[in-house]
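Structure first, commentary second.
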Amino acid sequence: MLVASNRGPVSYEVRDDGSLHSKRGGGGVVSGLSAIGPDAGALWVCSALSDGDREAVRRGVGEDGVLMLDIPADVHADAYNGIANSVLWFVHHMLYQTPLEPVFDAEFRRQWASYEAYNRAFAEALAGQAAPGAAVLVQDYHLCLVPGMLRELRPDLRIGHFSHTPWAPAEYFRMLPDDIRAQLVWGMLGADRLAFLTRRWAHGFMTCANEIDAERIQVYSPVPSEPKHIRHTGTGMPPLRTTWIGVHGLGADADFLRARSHEADVDERMAALRGEIGEGRKAIVRVDRTELSKNIVRGLLAYRQLLDDHPEWRERVVHVAFAYPSRQDLAVYRDYTAAVQRLAEEINSRYGTPGWTPVVLHVKDDFARSLAAYRLADVALVNPIRDGMNLVAKEVPVVSDEGCALVLSREAGAFEELGEDALAVNPYDVMDTARALHEALSMGREERAERSKRLAAAATALPPAQWFLDQLHALDQEAGQPA
Ligand code: G6P
């Protein structure tokens, strides 16, 4: 079995003395793959992302079971920053703002050529490493062209692709140039199986695929809520191949989270956070990468609105916001980080008192501190504009000591599973979000604990290991099967 993703399970850093220090990554795919154990003989193909990673490749340093590709830095930057995080991320999360964006010009075409080269480097590495008939699980929007490229190089392989993001509605996807849309869809259809986090995103893909070429691509979804399969004929493919569609809603890893959140470093951070919040105050907690789809600015606006609409909460509540920098090579993400910081400062200077800081904002990534905040949370605020799943929404109810109320955007994938016990919000509607925050803060202890228990049960229904194995089994059963 092979796994392919842009970001791998390990990264390296060059220390001052010239030595290499390795750090293990987190996330669902890492814990899912760890669960099948080192004996499975799996190989993980990923990109070298940092100078430390490139140095590790140069020195031949690495981990068993991980192959880092040293793709030329400029090609990687164009593919990752230019196409993946500025175009595909924006399309699937519907983040563009006219009249300035998007513009598909000569620069875009140049970057697209890098995206193709970067995908080809993955396809060639996978083709070179895979044993006959091996299963290859390709991850995410960075690698949409890999299934098609790999199919041409190695028709014997069983190929799966998993999308960790939403998939754009057809009307929005249509803003991409026609040939690019077609390349993305045909690239994905090189897989035997495409999997998504929710039915909604699976449907998004099926609708977009249908629009590309209704004659050569036939979509079957007999029951609208159950995506099924796509039959298609592509260039270089035998007639009528079938690509199966699956939905696997990645859940939180309860055992890991519960154990990790009671380690000494988390206790230490809880004590420090309690000091920042102040005795007897409630905490509204959010933890995100600082990234536009997370909607942190509107979250702060809603909190400000809450303080205006309900002055009785002043001095009695603190908004604990962890906004960890992400993709800072891109100006749009840097500007967003700055906007978050500005607004937090503004709220603090307008409402703060000598003994009360209304917003406690931290921007330095610290997993133990995030867990400490989860444990202390009275309310979790998760209000993304769109989100493939959002694991924070699933993790806080599992970890919180006394149970928390969850204010959740109906546009997060997690809403399909948690909607009943969360307080639903329209992420654009700041007044509505302020109302939900008030309701969450006012919820009785018992109701809050009951709801939180049900949220935790729903959130852990499909733990990462099972999520991963389900995909592998489905690929085993469905690959090569005619519809
Ligand atoms: C999302 C994507 C992942 C990505 C992660 C972090 O969850 O689906 O593929 O790895 O964000 O983003 P980054 O750009 O830092 O890898």
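Using our numbering, the first residue of the sequence shown is number 1264, and each one after it goes up by one.
For every residue, glycine included, the Cβ atom is placed at its ideal position computed from N, Cα and C.
Every value quoted in this text rests on a predicted model; they were computed, and no experiment measured them.
Measuring alpha carbon to alpha carbon, tell me which of 1614, 1718 and 1555 ends up nearest residue 1600.
It is 1555.
Please determine whether the Cβ atom of residue 1382 lies at a distance below 8 angstroms from any heavy atom of the ligand G6P.
In terms of side-chain proximity, the C-beta atom of residue 1382 is found no nearer than 8 angstroms to any non-hydrogen atom of the ligand G6P.
Nearest neighbour of residue 1403, chosen from 1450, 1416, 1721 and 1375 [CA to CA]:
Residue nearest to residue 1403 within the set 1450, 1416, 1721 and 1375 is 1450 (criterion: CA-CA distance).
Look at the Cβ atom of residue 1288, then the Cβ atom of residue 1460, and state whether they are nearer than 9 angstroms.
Taking a C-beta distance under 9 angstroms as the contact criterion, residue 1288 and residue 1460 do not qualify as a contact pair.
Name the residue from 1326, 1423, 1440 and 1637 whose alpha carbon lies nearest to the alpha carbon of residue 1365.
Comparing Cα-Cα distances from residue 1365 to each of 1326, 1423, 1440 and 1637, the minimum goes to 1440.
Do you know whose CA, among 1355, 1666 and 1515, lies nearest residue 1751's CA?
In this structure the chain extends from 1264 to 1746, so residue 1751 is not present and cannot be described.
Which full runs of the beta strand (DSSP E) of 3+ residues lie inside the region 1420-1459, going along the chain?
Entirely contained in the region 1420-1459, the beta strand (DSSP E) runs reaching 3 residues are, in chain order, 1421-1425 and 1456-1459.
How about residue 1633 and residue 1558: are their beta carbons less than 9 angstroms apart?
In terms of Cβ geometry, residue 1633 and residue 1558 do not form a close pair [threshold 9 angstroms].
Comparing alpha-carbon positions, which option in 1696, 1665 and 1720 lies nearest residue 1684?
Looking from the CA of residue 1684, the closest CA among 1696, 1665 and 1720 belongs to 1720.
Buried or exposed by the 16-neighbour rule on C-beta atoms within 10 Å, applied to residue 1302:
Exposed.
For residue 1656 versus residue 1645, is the C-beta distance shorter than 9 angstroms?
Less than 9 angstroms separates the beta-carbon of residue 1656 from that of residue 1645.
Residue span of the beta strand (DSSP E) that contains residue 1481, given as start and end
Where residue 1481 is concerned, the enclosing beta strand (DSSP E) stretches over 1480-1483.
List, from N- to C-terminal side, the alpha helix (DSSP H) runs of 4 residues or more that fit wholly inside the region 1616-1675.
Listed in chain order, they are 1630-1639 and 1654-1662.
Would you kindly report the start and end of the unbroken beta strand (DSSP E) that includes residue 1402?
It spans 1398-1402 - the beta strand (DSSP E) in which residue 1402 sits, taken as one unbroken run.
First and last residue of the uninterrupted alpha helix (DSSP H) at residue 1295
1291-1299 is the span of the alpha helix (DSSP H), which, as asked, contains residue 1295.
Could you check what DSSP says for residue 1305 in three-state terms: helix, strand or coil?
Note: residue 1305 maps to coil in three-state DSSP.
Looking at residue 1415: is its Cβ nearer than 9 angstroms to the Cβ of residue 1391?
The criterion of a C-beta distance shorter than 9 angstroms is not satisfied by residue 1415 and residue 1391.
Would you mind listing the alpha helix (DSSP H) stretches within the region 1320-1395 that are 4+ residues and don't spill past its ends, in chain order?
The region 1320-1395 contains these whole alpha helix (DSSP H) runs: 1336-1340, 1352-1355 and 1369-1392.
CB-CB under 6 angstroms to residue 1380, same chain, minus the five flanking residues each way: which ones, in chain order?
Contacts found: 1338.
Is any non-hydrogen atom of the ligand G6P found closer than 8 angstroms to the C-beta of residue 1402, if you look at the structure I gave you?
True, at least one ligand heavy atom lies under 8 angstroms from that Cβ.
Taking 8 angstroms as the cut-off, does the region 1524-1535 touch the region 1723-1742 (at least 3 CB pairs, one atom from each stretch)?
Judged by pairs of C-beta atoms under 8 angstroms, the region 1723-1742 does not touch the region 1524-1535, as fewer than three such pairs exist.
Excluding five sequence neighbours on each side, which residues of the same chain lie with their C-beta closer than 8 angstroms to the C-beta of residue 1322?
The beta carbon of residue 1322 is closer than 8 angstroms to those of 1283 in its chain, skipping five residues each way along the sequence.
Is residue 1646 near the ligand G6P, going by C-beta to nearest heavy atom under 8 angstroms?
Because no heavy atom of the ligand G6P lies under 8 angstroms away, the Cβ of residue 1646 does not count as near it: no.
Cα-Cα separation between residue 1593 and residue 1628, rounded to whole angstroms
Taking the straight line joining both Cα atoms gives about 18 angstroms.
Using the beta-carbon count (16 or more within 10 Å), is residue 1591 buried or exposed?
So residue 1591 counts as exposed.
If you draw a straight line from the alpha carbon of residue 1603 to that of residue 1611, how long is it in whole angstroms?
Cα to Cα, the separation comes out at about 12 angstroms.
Report the partner residues of residue 1705 according to the DSSP bridge assignment.
The partner list for residue 1705 (beta bridge, DSSP) is empty, contrary to what the question assumes.
When you compare the CB positions of residue 1520 and residue 1626, do they come within less than 9 angstroms of one another, or not?
When the beta-carbon positions are compared, residue 1520 and residue 1626 stay at least 9 angstroms from each other.
Less than 8 angstroms separating the Cβ of residue 1552 from some heavy atom of the ligand G6P?
Yes, the beta carbon of residue 1552 sits closer than 8 angstroms to at least one heavy atom of the ligand G6P.
So, for residue 1348: in the same chain, excluding its five sequence neighbours on each side, which residues have a beta-carbon less than 6 angstroms away from its beta-carbon?
Apart from sequence neighbours up to five positions away, the residues of its chain that approach residue 1348 with a beta-carbon distance below 6 angstroms are 1590, ordered along the chain.
Looking only at its chain, what residues have a beta carbon closer than 7 angstroms to the beta carbon of residue 1715, apart from the 5 residues adjacent to it on each side?
Closer than 7 angstroms at Cβ, skipping near neighbours: 1660, 1663, 1666 and 1667.
Of the residues 1442, 1464 and 1389, the one placed nearest residue 1425, counting alpha carbons only
For residue 1425, the nearest C-alpha among the options comes from 1464.
Identify the continuous beta strand (DSSP E) that holds residue 1691 and give its terminal residues.
It is not in any beta strand (DSSP E) - residue 1691 carries neither H nor E in the DSSP assignment.
Go through its chain and collect everything with a Cβ distance to residue 1576's Cβ below 7 angstroms, but skip five positions before and after it.
If you ignore the 5 residues before and after residue 1576, its C-beta comes within less than 7 angstroms of the C-beta of 1569, 1570 and 1704, all in its own chain and listed in chain order.
Can you check DSSP and say which residues form a bridge with residue 1551?
Per DSSP, the beta bridge partners of residue 1551 are 1586.
With a threshold of 16 other CB atoms inside 10 Å of the CB of residue 1373, please say whether the residue is buried or exposed.
Residue 1373 comes out exposed.
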